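Since the structure comes first, as structure tokens, the remarks are kept for the end.
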Amino acid sequence: MSYDHKAIDAKWQKRWEDAGLFNAKDDDAREKFYLLVEFPYPSGAGLHVGHPRSYTALDTIARKKRMEGKNVLFPMGWDAFGLPAENYAIKTGNHPATFTQTNIDTFRRQLKSMGFSFDWSREFSTTDPAYYKWTQWMFLQFFKAGLAYKAEVAINWCPKDKCGLANEEVIGGACERCGTPVEKRLKSQWMIAITKYADRLIDDLATVDYLPKIKKQQEDWIGRSEGAEIDFALCHPSSHIVISSAARDLIDGVPPIVGMTEKITVFTTRPDTIFGVTYVVLAPEHPLVASLTTDEQRESVDAYVAASTKKTDIERGDDTKEKTGVFTGSFVTNPANGEKVPVWVADYVLGHYGTGAVMAVPQHDERDCAFAEKFGLPIVDAPLLSFDEAVTKTGGKKTVQYKLRDWVFSRQRYWGEPIPLVDCGACGWVAVSDADLPVELPNVEKYEPTDDGESPLATIDSFVNTKCPQCGGDAKRETDTMPNWAGSSWYFLRYIDPKNDTAFASKELLKQWMPVDLYNGGMEHTTLHLLYSRFWNKFLFDQGLVPTSEPYARRHSHGLIMSDDGTKMSKSKGNVVNPDDIVGEHGADTFRVYILFMGPFEEPVPWSSNGVIGVRRFLDRVMRMEELVKSEKRPEGVPSEVEGAQVKSPEVIRALHKMIAKVTKDIDGFSFNTAVAAMMIFVNEVYVAGSIDKNSLATFVKVFAPFAPHVANELWEKLCMDGFAEAQPWPVADASLAADDELNIAVQVNGKLRGTVTVPADIDEATLIATAKESPTVAKYLVSEPTRTIVVKGRMVNFVL
RNA sequence: GCCGGGAUGGUGGAGUUGGUAUACACGGGAGACUUAAGAUCUUCUUCCCGAAAGGGAUCGUGGGUUCGAGUCCCACUCCCGGCACCA
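Start counting the first sequence at 6; every next residue gets the next number (this note's numbering).
Written out as structure tokens, the structure is:
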């Protein structure tokens with residue numbers, strides 16, 4: 006017999022919704038628990054089986070937490086700005102909002118069909134003007150605090166998407182979305198000074214409970230290294246050294262040089278190797294390159310710099326290729342020993358890191374060594390100083406450098422939040438006043454970026470031309486939009502107070518609900534969304550707008566669901582599993598339990614259609630347990646007046662309490678696969694016993710409810726119990742009822758298993774040893790008296806001869 | 001190259017602070033029920049030898065520590081992820 010999943014799924018989903026069972030309560034004496042899953046981008050393809058892995062796991066936790074008496078906030082919404090909707094709009098001419106709305110409706114229907122206990126009353130989309138009003142408002146707080154600034158920078162440019170990319174969106178030198186190699190392009194962009202928070206973003210990791218690999222990845226991405234800046238004076242400062250301000254601005258991260266420069270400042274983490282310096286290298290972008298180049302060398306240096314700037318990051322980053330470079334003709338003095346060393350230009354030195362100049366120590370650095378060998382530069386074996394000695398001797402200063410760069414916040418696209426700033430000839434960049442927020446996206450005829458790489462908003466005169474909020478004069482709006490990471494950087498705050506139109510959320514409610522107690526998401530967001538949102542929250546905290554410095558108390562992460570052949574599911578390969586098919590054919594609970602059972606939550610696991618069928622069989626078995634209540638045979642000696650259904654089997658009771666203990670522990674430890682196995686073992690025990698009393702079955706149903714809520718409630722109702730299964734308190738295991746009265750003890754001779762003995766659980770050691778010795782399979786190996794006997798309580802006896 | 005994480009039956013995976021390796025499930029075999037199929041139930045299923053009793057081997061490879069190692073240590077091979085000329 007197979008249960009009717011379609012009827013049962015629909016019946017309980019409707020009842021939950023009608024009862025508002027999963028809505029979080031704002032004024033509630035119970036302890037709060039805020040669970041968060043990454044809200045999806047509602048793509049046209051619909052929900053992928055990968056999405057629900059995270060949702061199912063946290064839904065199970067949410068349901069258990071409610072049963073444990075917590076006031077649970079478990080919301081869902083839509084991260085809906087982004088390129089796919091825009092590309093669709095470009096192709097079809099339809100507004101991306103229409104497409105997005107259709108997709109949201111599909112996603113919502115799919116999520117509801119799985120019975121997730123989201124609080125749908127708090128749903129919103131980042132594309133709602135009532136939401137992005139506050140995204141814009143927050144951007145203005147960055148702007149007013151001086152953390153948002155416009156800069157002419159060499160940005161990562163994707164020629165296919167015609168769009169600038171943040172450092173974090175470039176994977177191996179290629180566009181994260183389309184894989185096109187990114188180019189460098191000089192562009193005026195809005196930046197946010199995330200680097201100002203670099204130290205806190207690292208140091209505060211000590212205050213949160215993240216998986217170690219997540220912490221590590223964030224630390225490495227921020228890439229703090231401690232070293233020193235050391236000046237190398239020019240040997241022949243000449244009057245032709247003039248630094249144009251334009252040249253200085255070319256370099257991101259290099260502070261403007263004041264006055265005449267007669268030195269090169271390098272950054273090194275190894276000042277102790279200063280005596281081994283045999284040359285100094287400037288990045289091709291370094292502002293001193295032009296002025297340091299002598300007339301004899303000018304032609305070759307100019308050609309080299311021109312060639313380097315044309316290279317993509319992939320070409321330049323290829324460290325397997327031979328090093329290239331060229332001599333400038335100038336020399337500097339080693340401040341430690343007065344030695345004269347040549348200055349070279351080479352693109353293995355990066356313009357954006359440190360000072361864009363390095364002291365080369367071929368003896369201690371592989372790259373310097375390769376370069377020195379290629380160009381015949383000396384390699385000297387010199388004595389080492391201590392770090393501090395070296396800094397003092399060279400007159401250098403200790404500094405810290407980061408790999409993290411400021412966040413490029415401008416996108417030249419349509420489907421994003423407009424940056425709410427206007428450019429006034431008289432006042433410069435001015436914030437749109439709060440009363441005029443949101444700056445809504447205007448309708449455009451063409452959604453494509455312009456050929457010179459401007460946002461399509463630039464073509465809408467009625468949008469662009471405006472008045473300055475400060476002086477009232479003619480001004481022009483910024484036409485760039487925000488990256489799609491903007492809306493997701495603070496969405497966890499909006500769930501707390503989603504309808505508020507006077508603030509992004511009320512302070513009282515923020516204080517009540519923050520921080521997020523448990524946040525689960527993909528590892529791929531560790532250096533993007535997770536870092537951005539931590540930074541964003543820290544900034545709001547500094548502004549006194551949110552109550553906690555860290556947004557997420559705990560961060561966990563799930564593995565990918567792979568195709569059954571172990572490769573990634575992809576549309577092009579046609580091996581994508583549609584959750585609708587599984588839910589339609591086997592029901593929501595089969596889908597949920599399979600997702601949890603298929604493998605360890607943190608690991609990637611292949612999808613198996615057979616595994617799904619196995620889970621469905623299990624659910625059918627669970628549903629049929631009800632028959633075992635009615636058909637129980639009364640054991641010998643039990644008086645007839647005891648109601649048959651209430652006769653308790655000690656084996657079942659013991660199995661029940663073992664199962665409760667195991668499942669409780671496993672949910673808390675994210676071991677959902679073994680929790681499911683524990684419930685299967687219990688059900689198997691019940692079938693072996695051939696009967697179960699009603700109370701025990703009801704207890705099982707409560708434990709089962711967070712995993713398979715539809716089947717659990719149906720069974721709950723069949724047992725004539727009142728209310729919802731998930732409205733019951735979470736069962737507590739009784740250790741005394743779970744304890745075995747007899748134990749199987751392994752008996753070893755010289756560490757080799759030679760037999761087992763079954764003994765009473767409370768046996769004393771001497772009796773146990775005696776029993777073990779007499780065991781027939783063991784006795785024959787005991788050719789002499791043991792020199793040593795090792796007893797592990799409740800487990801084994803080992804005789805050492 | 002550097003930094004993480006892995007490697008357990010035909011398959012996905014369990015394996016406590018070092019203490020009966022292979023739980024649970026899939027797949028497969030045999031049987032019951034059925035006109036039959038499916039479903040369900042019973043049962044076997046790490047490998048090798050053996051009719052069985054039993055014995056031997058086994059957690060990527062090779063060493064080590066220990067009464068005892070999947071688990072700890074050393075070296076190596078392969079796989080997955082992250083970073084990648086960051087001085």
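Note that the Cβ used here is the ideal one computed from N, Cα and C, for glycine as well.
Nothing here was measured: the structure is a model prediction, and the numbers come from that model.
What separation, rounded to the nearest whole angstrom, lies between the Cα atoms of ALA153 and LYS403?
One-based indexing of the first sequence puts residue 153 at position 148. One-based indexing of the first sequence puts residue 403 at position 398. So the alpha carbons of these two residues sit roughly 28 Å apart.
For HIS563, which residues does DSSP report across the bridge?
The residue labelled residue 563 in the question sits at position 558 within the first sequence. GLY527, per the DSSP bridge assignment.
Kindly list the residues whose CB is nearer than 7 Å to the CB of ASN755, restricted to its own chain and excluding five residues on each side of it in sequence; keep chain order.
Indexing the first sequence from 1 puts residue 755 at position 750. VAL805, LEU806, listed in sequence order.
As a quick exercise: from ALA50, PRO347, LYS69, PRO45, pick the residue whose alpha carbon is nearest that of ARG58.
Here the question's residue 58 lines up with position 53 in the first sequence. Among ALA50, PRO347, LYS69, PRO45, the Cα nearest to that of ARG58 belongs to PRO45.
Helix, strand or coil for ASP33? Go by DSSP, reduced to three states.
Working through the first sequence from its first residue, we reach residue 33 at position 28. DSSP places ASP33 in coil when its eight states are reduced to three.
Please confirm whether TYR452 and GLU91 have their CB atoms less than 7 Å apart.
Mapped onto the first sequence, residue 452 falls at position 447. Mapped onto the first sequence, residue 91 falls at position 86. Going by C-beta atoms, TYR452 is nearer than 7 Å to GLU91.
To the nearest angstrom, report how far apart GLY361 and LYS138 are at their CA atoms.
Translated into the one-based positions of the first sequence, residue 361 becomes position 356. Translated into the one-based positions of the first sequence, residue 138 becomes position 133. One C-alpha to the other measures close to 40 Å.
Would you give the residue range spanned by the beta strand (DSSP E) that ILE768 belongs to?
For the purposes of this step, residue 768 is taken as residue 763 along the first sequence, with counting starting at 1. Premise fails: ILE768 is in no beta strand (DSSP E) and is neither H nor E.
Check whether the Cβ atoms of ALA743 and MET726 lie closer than 7 Å to each other.
Here the question's residue 743 lines up with position 738 in the first sequence. Here the question's residue 726 lines up with position 721 in the first sequence. Cβ distance not < 7 Å, so ALA743 and MET726 don't count as in contact.
Buried or exposed by the 16-neighbour rule on C-beta atoms within 10 Å, applied to ARG303
On the first sequence, position 298 is the one that residue 303 refers to. By the neighbour-count rule (16 or more Cβ atoms within 10 Å), ARG303 is not buried but exposed.
Starting from TRP518 and walking both ways along the beta strand (DSSP E), at which residues does that stretch end?
Locating residue 518 in the first sequence gives position 513, where the first residue counts as 1. Per DSSP, TRP518 belongs to no beta strand (DSSP E); it is in the alpha helix (DSSP H), 512 to 518.
How about PHE147 and ILE197: are their beta carbons less than 7 Å apart?
In the first sequence, the residue the question calls residue 147 occupies position 142. In the first sequence, the residue the question calls residue 197 occupies position 192. Yes, these two residues count as a Cβ contact at 7 Å.
THR107 - DSSP class collapsed to helix/strand/coil:
As a working note, residue 107 is residue 102 in the first sequence. Looking at THR107 - three-state DSSP - the assignment turns out to be helix.
For GLN548, which residues from the same chain have a beta carbon less than 8 Å from its beta carbon, with the 5 sequence-adjacent residues on both sides left out?
Within the first sequence, the letter at position 543 stands for residue 548. Correct list, in chain order: GLN146, ALA150.
Taking a contact to mean a Cβ-Cβ separation below 7 Å, would you say LEU409 touches ALA593 in this structure?
Locating residue 409 in the first sequence gives position 404, counting from the first residue. Locating residue 593 in the first sequence gives position 588, counting from the first residue. Not in contact: LEU409 and ALA593 (Cβ atoms no closer than 7 Å).
Just the C-alpha distance for GLU779 and ASP745, rounded to the nearest angstrom, thanks.
Position 774 of the first sequence, counted from the first residue, corresponds to residue 779. Position 740 of the first sequence, counted from the first residue, corresponds to residue 745. Their Cα atoms are separated by approximately 23 Å.
Drop a sphere of 10 angstroms on the beta-carbon of ASP797, count the other beta-carbons inside from all chains shown, and report buried for 16 or more, exposed for fewer.
Position 792 of the first sequence, counting from 1, holds the residue named residue 797. The residue you asked about is not Asp; residue 797 is Val in the sequence shown. Note on VAL797: under 16 other CB atoms within 10 angstroms of its CB, so exposed under the neighbour-count rule.
Considering just the uninterrupted stretch of the alpha helix (DSSP H) at SER230, what are its terminal residues?
What you label residue 230 is simply residue 225 of the first sequence in a count that begins at 1. No alpha helix (DSSP H) contains SER230, which is instead part of the beta strand (DSSP E) from 230 to 239.
SER305 versus TRP83, VAL331, ASN99, residue with shortest Cα-Cα distance:
Locating residue 305 in the first sequence gives position 300, where the first residue counts as 1. For SER305, the nearest C-alpha among the options comes from VAL331.
Assigned exposure category for PRO765 - 16 Cβ within 10 Å defines buried:
Numbered from 1 along the first sequence, position 760 holds the residue referred to as residue 765. Exposed is the call here.
Determine the direct distance from the alpha carbon of PRO556 to that of ARG482, and round the result to whole angstroms.
On the first sequence, position 477 is the one that residue 482 refers to. On the first sequence, position 551 is the one that residue 556 refers to. Taking the straight line from one Cα to the other gives about 33 Å.
Provide the residue(s) that pair with GLY760 in DSSP beta bridges, ordered along the chain.
Locating residue 760 in the first sequence gives position 755, where the first residue counts as 1. Residue pairing from DSSP places GLY760 in a beta bridge opposite VAL752.
Do the stretch 29 to 49 and the stretch 515 to 532 meet, that is, are 3 or more Cβ pairs less than 8 Å apart?
yes
Could you tell me whether the stretch 503 to 513 touches the stretch 182 to 189, where touching means 3 or more Cβ pairs closer than 8 Å?
no
Hey, could you find the ends of the alpha helix (DSSP H) GLU157 is sitting in?
Your numbering for residue 157 matches position 152 in the first sequence. No alpha helix (DSSP H) holds GLU157; the beta strand (DSSP E) holding it covers 153 to 163.
Helix, strand or coil at ASP393 [DSSP, three-state]:
As a working note, residue 393 is residue 388 in the first sequence. Of the three classes helix, strand and coil, the one that applies to ASP393 here is helix, per DSSP.
Going by alpha carbons, who is nearest to TRP83 out of THR132, VAL469, GLN733?
Residue mapping note: residue 83 aligns to position 78 of the first sequence, counting from 1. Per the Cα distances, THR132.
Nearest neighbour of LEU144, chosen from ASP166, ILE227, ALA233, ASN542 [CA to CA]
Stepping through the first sequence from its first residue, residue 144 is reached at position 139. Looking at the sequence shown, residue 144 is not Leu but Phe. Closest by alpha carbon: ASN542.
CB-CB length for VAL444 against VAL437, believed under 8 Å:
Numbered from 1 along the first sequence, position 439 holds the residue referred to as residue 444. Numbered from 1 along the first sequence, position 432 holds the residue referred to as residue 437. Rounded, the Cβ-Cβ distance is 6 Å, consistent with contact.
To which residues does DSSP link MET143 through a beta bridge?
The sequence position of residue 143 within the first sequence is 138, counting from 1. According to DSSP, MET143 bridges with nothing at all.
Range of the contiguous alpha helix (DSSP H) that encloses PRO217:
In the first sequence, the residue the question calls residue 217 occupies position 212. Run containing PRO217: 217 to 227, per the alpha helix (DSSP H) assignment.
If you draw a straight line from the C-alpha of ASP479 to the C-alpha of LEU216, how long is it?
Working through the first sequence from its first residue, we reach residue 479 at position 474. Working through the first sequence from its first residue, we reach residue 216 at position 211. Approximately 52 Å between the Cα atoms of the pair.
Which of helix, strand or coil DSSP assigns to GLY433:
For the purposes of this step, residue 433 is taken as the residue at position 428 of the first sequence. In this structure, GLY433 counts as strand in the three-state DSSP scheme.
THR794 versus ALA308, GLY343, LYS785, ALA771, residue with shortest Cα-Cα distance
To locate residue 794, count along the first sequence from 1; it is residue 789. That would be ALA771, whose Cα lies nearest to the Cα of THR794.
When the Cα of GLY49 is compared with those of VAL366, ASP23, VAL286, ARG113, which residue comes out closest?
Indexing the first sequence from 1 puts residue 49 at position 44. Here the closest residue by C-alpha is ARG113.
Start-to-end residues for the beta strand (DSSP E) that takes in MET364:
Your numbering for residue 364 matches position 359 in the first sequence. Looking at the DSSP string, the run of the beta strand (DSSP E) that includes MET364 is 362 to 365.
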